[in-house]
Amino acid sequence: MTRERDRLCPCPNCGKFYAFSESISVNFSGWRQWSDGWGCGRLYSRFTQLLGCNCGTLFWPSGMAFKVRNHNLSDIIEIDMERLEEKTPAPRSWWGSLFDSLAGSCIGSSKLDFLVHKRREYPLIFPAKISKLYDVLFYSKPNLDHKTELEIRQWLWWVWNHRNRDLIVKPSDIGPDVPDSEKEANLHRLAALLETADQPCWMMIGDAYRQLGEFNSAIDAYVRANETGTKEYLIGLAKRQCRECVEFNPTFKENGTA
Ligand SMILES: [Zn+2]
């Protein structure tokens, strides 16, 4: 089953403490995986660990932080402890109030359940919104480290690919729509960052080049990957000059075809 626990971490700049949830076990039932590395299941989907404090700080729970000009990078929920301590009205009322305050946000019902069953004295902080991370990268332009720039550019690639995935429920945060030239520039830079990572993910590098239409570079990268079976399938796509981000269907490994 998917289980979460709450952890506390301070904003490295202003010192304000936040509670955030992290997965301690994950249920992969109904998992769907795409060639760019993004995937989702019925009970779990990937999210960035980057957080944004309203003092204008982008940070990792592990402590690395960057001063940015952007605010509201993350949804932050301040729990009204006085209302929580009231014997009446029943919890339903503050649940309703909480739900109203979240209307239109990207926070899922599982997060709400998580909140309802935990009484907190610290504000709850959610992963930074990808549309806001785009603003950080292109307008605030902080001096990001390799890991953080890679994280943001990877998520931008993923959310821009969401439009072409066969998803029943489209994620609400799919980033700003930008010209293809800007998306390609992001993908070129991402490929370079992935190649210089401590442990390069050659499947993702190959897929970045394939989506860019640089098929020889894509094949060179796929060849270096360990994922036997899957990589042959993607090499086949590159040889046919297919640039689509594809979903791995449950049977393709058996018959080797899409
Ligand atoms: Zn702060």
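Residue 233 in this note's numbering sits at position 250 of the sequence shown, with consecutive numbering throughout.
The C-beta atom is built at its ideal place from N, Cα and C for all residues, glycine as well.
Nothing here was measured: the structure is a model prediction, and the numbers come from that model.
What residues in its chain sit with their C-beta under 6 angstroms from that of G46, if we drop five residues either side in the sequence?
P(-5)
- prompt: Going straight from the alpha carbon of A221 to that of R136, what length do you get?
  reply: 23 angstroms
- Task: Have a look at D83 and K(-1) and give me their C-alpha separation to the nearest angstrom.
- Result: With a pLDDT of 45 at D83, under the threshold of 50, the predicted position of this residue should be treated as unreliable, and no value is reported.
Review point. Would Y192 pass as a contact of A201 if the rule is Cβ separation under 7 angstroms?
Key: yes
| said: Within 10 Å of its beta-carbon, does L217 have 16 or more other beta-carbons around it, so buried, or fewer, so exposed? | reply: buried
| message | Starting from R(-14), trace the beta strand (DSSP E) in both directions and tell me its first and last residue. | response | R(-14) to P(-7)
#### Entry: Inter-residue Cα distance where the pair is Q182 and E215
21 angstroms
query = With 16 other CB atoms within 10 Å as the buried threshold, where does P159 fall?
reply = exposed
Where does E134 sit, in a helix, a strand or coil, going by DSSP?
helix
- Query: Does the beta carbon of N55 fall short of 6 angstroms from some heavy atom of ligand 1?
  - Reply: no
Within 10 Å of its beta-carbon, does L34 have 16 or more other beta-carbons around it, so buried, or fewer, so exposed? buried
Do you know how far the Cα of A2 is from the Cα of K115? 21 angstroms
**Report entry** Residue from W21, Q224, N232 and F49 with nearest C-alpha to S212
**Finding:** With the sequence shown as reference, residue 212 is identified as Gly, and Ser is not the correct amino acid for it. When only C-alpha atoms are compared, the closest one is N232.
Exercise for review: Determine the direct distance from the alpha carbon of E132 to that of N169, and round the result to whole angstroms.
Suggested key: 11 angstroms
### Task
Using a threshold of 7 angstroms, state whether the C-beta atoms of G13 and R29 are closer than that.
no
Item checked: Beta-carbon proximity of I108 to I62, cut-off 7 angstroms -> no
Quick check: what's the CA-CA separation for E227 versus V9? 29 angstroms
According to DSSP, simplified to helix, strand and coil, what is P72?
For P72, the pLDDT reaches just 43, beneath the cut-off of 50, and the residue's location in the model is therefore unreliable, although a value from the coordinates is still provided. Three-state result, P72: coil.
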